[in-house]
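A.B. asks: Right, I'll just put the structure down here and ask away after.
Number of protein chains: 2
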Amino acid sequence: MASKTVGVVGGMGPAATVEFLARLVRATRAARDEDHLHVLVDSDPRIPSRTAALLHGAPSPAPRLCAIAQTLERAGAEFLVMPCNTAHAFIDAMRGAVGIPILDMRAEAAALVGEGPVGLLATAAVVRAGVYDRVLRARGLALVSPPDADQNEVTALIAAVKAGEPLDGLRLRLRRIVVRLQEAGARTLVVGCTEISILHEPPPELPSVDALDALVEATVREAQDDAR
Amino acid sequence: MASKTVGVVGGMGPAATVEFLARLVRATRAARDEDHLHVLVDSDPRIPSRTAALLHGAPSPAPRLCAIAQTLERAGAEFLVMPCNTAHAFIDAMRGAVGIPILDMRAEAAALVGEGPVGLLATAAVVRAGVYDRVLRARGLALVSPPDADQNEVTALIAAVKAGEPLDGLRLRLRRIVVRLQEAGARTLVVGCTEISILHEPPPELPSVDALDALVEATVREAQDDAR
């Protein structure tokens, strides 16, 4: 079966991009190499900080993101994905820069939520700039964000994953935050940061939607869409 | 520190490419995203079979490999790596197709061997077409290949990894082959197939050089070469 070439706007961070690619290989039904998807990746760790731009008015990463999208399109990508939730704040500019579709990880995650309120694990930039607000509102879902102390802890955990710290101790710290989100009324957890996706182990008592998994599923579906 | 952009000729197979990228992230000293390497990847699982070309006269993958190398060069790669040992049979054609260097995984592995004879775990194509012979001869190292029955078992293990089979049972089968290579006189093991790299756990009693790790180290060294 012919399938579309996937372009991955990556490097935010590099480990999250590798995690996306690993899950994509596992999610593809394949007995041989040639059953897998053709994937082009630009893993550019020097894309300007999404958080610094959204929270502190630093220069926008949009021009660099647009340039990467164009590079991938020129190299043969037929649609794009971006395994970084925070970078989705700049998706509209990117869509204006290329002639191929860009999947929206937030919309793919929101579509899998059964009931709200939604407890959101994400960067402070995603929470404060409301990067998930529109897609959740479109589904009539209320949002529960961690209190400031816990949000700071989420930020510290993300930095620790990016720095390659051992995951086991970090997982314990994440679990405490999840318990408090549930106590604050969350009925579904949305893992809306790809570094947290690396850490998160779904708790048995709270339904959990990992945006990275949602993007993986959407990528396989879009690539193998035989209506082309 | 400025570092060179790496181009990865991938997809042979897709899981081995992801394993290379994961090891590359771990091998890079990095506290933040921007300390990591800029990596461009073309993971193309439909590159014609290297084994079929080398053993059965099927059409050569060289034209496709050259085209991928050129795509990566155009997209900005400053040197190329290819995490597939068998594909190195076609590296001369690729070097003629681009103006940037291509690291040789075989040479990087051979440079790390302490003493021979070398027990080689590789595809039947690598063994029969002598893909590793020149680099080992250049270092004065003799080669011990598995007997036919064991080589067939290696081939079956590679196919099983490509098909995504659970790794634990496969590891046990690999260990039996390693024991027999040692009995046949191998003093160092060279893991010369990236699917076997995914499986292999170095036995304590036999020094072991994983070509994939050798390529990872060479990639970091070449990218961060500040003599540029």
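These protein sequence lines are chains A and B, in that order.
Residue numbering for the first sequence follows my numbering, beginning at 1 and increasing consecutively.
Residue numbering for the second sequence follows my numbering, beginning at 1001 and increasing consecutively.
Quick reminder that beta carbons are idealized off the backbone N, C-alpha and C, glycines included.
Using a Cβ cut-off of 7 Å, pull out every chain B residue sitting near leucine 167/A, in sequence order please.
C.D. replies: Here residue 167/A corresponds to residue number 167 of the first sequence, with the count starting at 1. By Cβ distance, chain B contributes nothing, its closest Cβ being about 12 Å from leucine 167/A, past 7 Å.
A.B. asks: To the nearest angstrom, how far is the alpha carbon of leucine 1055/B from that of arginine 32/A?
C.D. replies: Residue numbering aside, residue 1055/B sits at position 55 when the second sequence is read from its first letter. Residue numbering aside, residue 32/A sits at position 32 when the first sequence is read from its first letter. The alpha-carbon atoms of leucine 1055/B and arginine 32/A are separated by roughly 18 Å.
A.B. asks: Out of Ala124/A, Leu136/A, Glu34/A, state which residue places its alpha-carbon closest to the alpha-carbon of proline 117/A.
C.D. replies: Locating residue 117/A in the first sequence gives position 117, counting from the first residue. The shortest C-alpha separation from proline 117/A is found at Leu136/A.
A.B. asks: Using a Cβ-Cβ distance cut-off of 7 Å, determine whether valine 1018/B contacts chain A.
C.D. replies: Along the second sequence, read from residue 1 onward, the residue named residue 1018/B stands at position 18. It does: the Cβ of valine 1018/B has a partner Cβ on chain A nearer than 7 Å.
A.B. asks: Reducing DSSP to helix, strand and coil, say where serine 197/A ends up.
C.D. replies: Stepping through the first sequence from its first residue, residue 197/A is reached at position 197. Looking at serine 197/A - three-state DSSP - the assignment turns out to be helix.
A.B. asks: Under 8 Å Cβ-Cβ, which residues of chain A neighbour methionine 1094/B?
C.D. replies: What you label residue 1094/B is simply residue 94 of the second sequence in a count that begins at 1. Correct list: empty, because the minimum Cβ distance to chain A is about 17 Å.
A.B. asks: Against chain A, with Cβ distances strictly below 7 Å, would valine 1162/B count as a contact?
C.D. replies: For the purposes of this step, residue 1162/B is identified with residue 162 of the second sequence, where counting begins at 1. For the record, residue 1162/B in the displayed sequence is lysine; it is not valine. Yes, because at least one Cβ of chain A sits closer than 7 Å to the Cβ of lysine 1162/B.
A.B. asks: Please list, in chain order, all residues of the same chain as leucine 187/A whose beta carbon is under 7 Å from its beta carbon, the five residues on each side excluded.
C.D. replies: Your numbering for residue 187/A matches position 187 in the first sequence. First, the residue type needs correcting, since residue 187/A is arginine and not leucine in the sequence shown. If we look at arginine 187/A and ignore the five residues flanking it on each side, its Cβ neighbours are Glu115, Gly116, Pro117.
A.B. asks: Anyone know if the C-beta pair for leucine 1120/B and glycine 1192/B falls short of 7 Å?
C.D. replies: Stepping through the second sequence from its first residue, residue 1120/B is reached at position 120. Stepping through the second sequence from its first residue, residue 1192/B is reached at position 192. In this structure, glycine 1192/B lies closer than 7 Å to leucine 1120/B by Cβ.
A.B. asks: With a threshold of 8 Å on Cβ separation, who are the neighbours of threonine 1086/B within its own chain once the five nearest residues in sequence on each side are excluded?
C.D. replies: As a first step, residue 1086/B must be located in the second sequence, where it is residue number 86. So the list reads Met1012, Arg1050, Thr1051, Leu1054, Ala1122, Thr1123, Ala1125, Val1126, Val1131, Cys1193, once near-sequence residues are dropped.
A.B. asks: With DSSP as the reference, identify every bridge partner of glycine 1057/B, one or two as the case may be.
C.D. replies: As a first step, residue 1057/B is located in the second sequence; it is residue number 57 there, counting from the start. The partner list for glycine 1057/B (beta bridge, DSSP) is empty, contrary to what the question assumes.
A.B. asks: Relative to the alpha-carbon of alanine 1163/B, which residue among Ser1060/B, Ala1016/B, Arg1173/B has its alpha-carbon at the smallest distance?
C.D. replies: Within the second sequence, the letter at position 163 stands for residue 1163/B. It is Ala1016/B.
A.B. asks: Compare the beta carbon distance of methionine 82/A and valine 9/A with 7 Å and say whether it is the shorter of the two.
C.D. replies: Position 82 of the first sequence holds residue 82/A. Position 9 of the first sequence holds residue 9/A. A distance below 7 Å separates the beta carbons of methionine 82/A and valine 9/A.
A.B. asks: So aspartate 213/A packs on isoleucine 177/A, CB below 8 Å; how close in whole Å?
C.D. replies: For the purposes of this step, residue 213/A is taken as the residue at position 213 of the first sequence. For the purposes of this step, residue 177/A is taken as the residue at position 177 of the first sequence. In fact, because the Cβ distance is near 20 Å, the residues do not count as touching under 8 Å.
A.B. asks: Does alanine 211/A pass the burial test, meaning 16 or more other C-beta atoms within 10 Å, or should it be called exposed?
C.D. replies: As a position in the first sequence, residue 211/A is number 211, starting the count at 1. Buried is the call here.
A.B. asks: Please report whether the beta-carbon of glutamate 1073/B lies at a distance below 7 Å from any beta-carbon of chain A.
C.D. replies: Against the second sequence, residue 1073/B aligns to sequence position 73. Judged by the 7 Å Cβ criterion, glutamate 1073/B is not in contact with chain A.
A.B. asks: Under 7 Å between beta-carbons, which chain B residues line up against aspartate 44/A? List them in chain order, please.
C.D. replies: One-based indexing of the first sequence puts residue 44/A at position 44. Ordered by position in chain B, the residues that pass the 7 Å Cβ test against aspartate 44/A are His1038.
A.B. asks: Helix, strand or coil: how does DSSP classify aspartate 1044/B here?
C.D. replies: Along the second sequence, read from residue 1 onward, the residue named residue 1044/B stands at position 44. Here aspartate 1044/B carries a coil assignment [DSSP, helix/strand/coil].
A.B. asks: For the stretch 1120 to 1135 of chain B, which residues have a CB atom closer than 9 Å to at least one CB atom of chain A, in sequence order?
C.D. replies: Residues of the stretch 1120 to 1135 of chain B that bring their beta carbon within less than 9 Å of a beta carbon in chain A are absent altogether.
A.B. asks: Where do the N-terminal and C-terminal ends of the beta strand (DSSP E) with phenylalanine 79/A fall, by residue?
C.D. replies: Position 79 of the first sequence, counting from 1, holds the residue named residue 79/A. That run of the beta strand (DSSP E) goes 79 to 81.
A.B. asks: Are the beta-carbon atoms of threonine 1219/B and valine 1018/B separated by less than 7 Å?
C.D. replies: As a first step, residue 1219/B must be located in the second sequence, where it is residue number 219. As a first step, residue 1018/B must be located in the second sequence, where it is residue number 18. No, they are not a contact pair.
A.B. asks: Note down, in chain order, all residues in the stretch 1054 to 1072 of chain B with a beta-carbon under 9 Å from any beta-carbon belonging to chain A.
C.D. replies: Thr1071, Leu1072
A.B. asks: Can you tell me where the beta strand (DSSP E) holding threonine 123/A begins and where it ends?
C.D. replies: Within the first sequence, numbered from 1, the residue matching residue 123/A stands at position 123. That residue, threonine 123/A, is in no beta strand (DSSP E); it is neither H nor E in DSSP.
A.B. asks: Could you pull out every unbroken alpha helix (DSSP H) segment of at least 4 residues lying fully inside the stretch 136 to 204 of chain A, listed in chain order?
C.D. replies: 148 to 162, 167 to 183, 194 to 199
A.B. asks: Please classify valine 1041/B as buried or exposed, where buried requires at least 16 other C-beta atoms within 10 Å of its C-beta.
C.D. replies: Residue 1041/B sits at position 41 when you count from the first residue of the second sequence. By the 10 Å Cβ count, valine 1041/B comes out buried.
A.B. asks: Identify whether glycine 1076/B lies in helix, strand or coil by the three-state DSSP scheme.
C.D. replies: For the purposes of this step, residue 1076/B is taken as the residue at position 76 of the second sequence. Coil at glycine 1076/B, not helix or strand.
A.B. asks: For aspartate 210/A, which residues does DSSP report across the bridge?
C.D. replies: By 1-based counting over the first sequence, the position of residue 210/A is 210. In the DSSP assignment, the residues bridged to aspartate 210/A are Val191/A.
A.B. asks: I need the boundaries of the alpha helix (DSSP H) containing glycine 96/A, first residue and last residue.
C.D. replies: Along the first sequence, one-based indexing puts residue 96/A at 96. Note, glycine 96/A: alpha helix (DSSP H), 91 to 97.
A.B. asks: With a threshold of 7 Å between beta-carbons, can proline 147/A be considered close to chain B, or not?
C.D. replies: Residue mapping note: residue 147/A aligns to position 147 of the first sequence, counting from 1. No, no contact with chain B.
A.B. asks: Does any residue of chain A bring its CB to less than 7 Å from the CB of valine 1220/B?
C.D. replies: Here residue 1220/B is taken as the residue at index 220 of the second sequence, counted from 1. No, because no Cβ of chain A sits closer than 7 Å to the Cβ of valine 1220/B.
A.B. asks: Using the Cα positions of glutamate 78/A and aspartate 1225/B, report the straight-line distance between them to the nearest angstrom.
C.D. replies: Translated into positions along the first sequence, residue 78/A becomes position 78. Translated into positions along the second sequence, residue 1225/B becomes position 225. For glutamate 78/A and aspartate 1225/B, the distance between alpha carbons rounds to 35 Å.
A.B. asks: Can you pull the DSSP bridge partners for valine 216/A?
C.D. replies: Here residue 216/A corresponds to residue number 216 of the first sequence, with the count starting at 1. Valine 216/A is not bridged to any residue.
A.B. asks: Pick helix, strand or coil for isoleucine 68/A, following the three-state DSSP scheme.
C.D. replies: Residue numbering aside, residue 68/A sits at position 68 when the first sequence is read from its first letter. Correct three-state label for isoleucine 68/A: helix.
A.B. asks: Report all residues from its chain with a CB closer than 8 Å to the CB of threonine 28/A; omit the five preceding and five following residues, and keep chain order.
C.D. replies: Within the first sequence, the letter at position 28 stands for residue 28/A. Correct list, in chain order: Asp35, His36, Leu37, Val220.
A.B. asks: Could you name the residues of the same chain whose beta carbon sits closer than 6 Å to that of glutamine 182/A, not counting the 5 residues immediately before and after it, in chain order?
C.D. replies: Translated into positions along the first sequence, residue 182/A becomes position 182. Result list for glutamine 182/A: Leu206, in chain order.
A.B. asks: DSSP on alanine 2/A, reduced to helix/strand/coil?
C.D. replies: On the first sequence, position 2 is the one that residue 2/A refers to. Here alanine 2/A sits in coil by DSSP.
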